[in-house]
Structures are given as C-alpha cells and as structure tokens.
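Q:
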Amino acid sequence: MAALPPADSEPYNEAQDAAWHQARLLLRLHRYAHEVVLGAAAPALASCGHALDLHRDAVEAAAAAAAAARTPRIAPATAYALGVLHADQRHEVEAARAVFRETWPYATALTAP
C-alpha cells in the first residue's frame, strides 16, 4: 500500500496502473499465504481483492477502447463513442482505487506515527 501513488495524486494517470497491478498480484500472494498459515481465507481481504480485480478489468477495457479509437479511417461517431467508453472506464479505475483504499484493513498501520 505504501508503494501505491497517494490518494491525492493526479487522477486518470495511466502511468500509475502498473503499481496497482503489482499491488493486485501481491495481495493475491498475501491471501494465499494467509490461507496456508491460518487455514482460512481472510474475509477482510476479499473486498480489497475484488476492488483490484475491477481495477484490472477497467484498465484493460480503457486501453482496448483507446487502441480501437486510434484505428485509421475510423468514423467520427465511432471515435467519439470509444472516447466516451475510455473516459467511463478510467472513472471506474479511479472508483476501484478509492474502494481499495477504503477497505484495506492495514491502512491505519501505515498512517500511524
């Protein structure tokens, strides 16, 4: 969590997506280790994992829409629709990041002095 960009960083920054993907992979490893050591899944981590899964899906959808919009000789109406889809998916990315920050159970340990 400490390696992730701060909550007040520039919104819709696609350069930050890689750090969030890495957080998703690390959370999965953490969840697996939790199950092995304690014998049960941590329910508090399930919502965090779901938020990061939604984040990944939205990032991929936004990238696909942006790539499709760059197709040569695309109709203006199609390019506009793809731009709207891209913007909508980037909003979903930011929403998923916010949900993760709200549900991360160890956030107080990071902010305590």
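Residue numbers (our numbering): 2 to 114. Positions of the beta carbon are idealized from the N, C-alpha and C atoms, including for glycine. Computed from a predicted model, the values in this text were never measured in an experiment.
#1: Name the residue from H35, E61, A34 whose alpha carbon lies nearest to the alpha carbon of H22.
#2: Go ahead and pull the three-state DSSP assignment for T72.
#3: Are L83 and A70 closer than 8 Å when you measure CB to CB?
#4: On the CB-based measure, 16 or more other CB atoms within 10 Å of its CB, does L46 come out buried or exposed?
#5: Can you tell me the Cα-Cα spacing of A113 and Y107, whole angstroms?
#6: So does Q90 have its beta carbon nearer than 7 Å to some heavy atom of the ligand NAD?
#7: Hey, which unbroken runs of the beta strand (DSSP E) at 3 residues or more fall wholly within the segment 13–87?
#8: In three-state DSSP terms, what is A113?
A: According to the structure data:
#1: E61
#2: coil
#3: yes
#4: buried
#5: With a pLDDT of 47 at A113, under the threshold of 50, the modelled position of this residue cannot be trusted, and the question is left open.
#6: The ligand NAD is not among the ligands present in this structure, which contains no ligands whatsoever.
#7: none
#8: Because the pLDDT of A113 is 47, which lies under 50, any placement of that residue in the model is unreliable, and the number read from its coordinates should be weighed accordingly. Looking at A113 - three-state DSSP - the assignment turns out to be coil, as it is neither helix nor strand.
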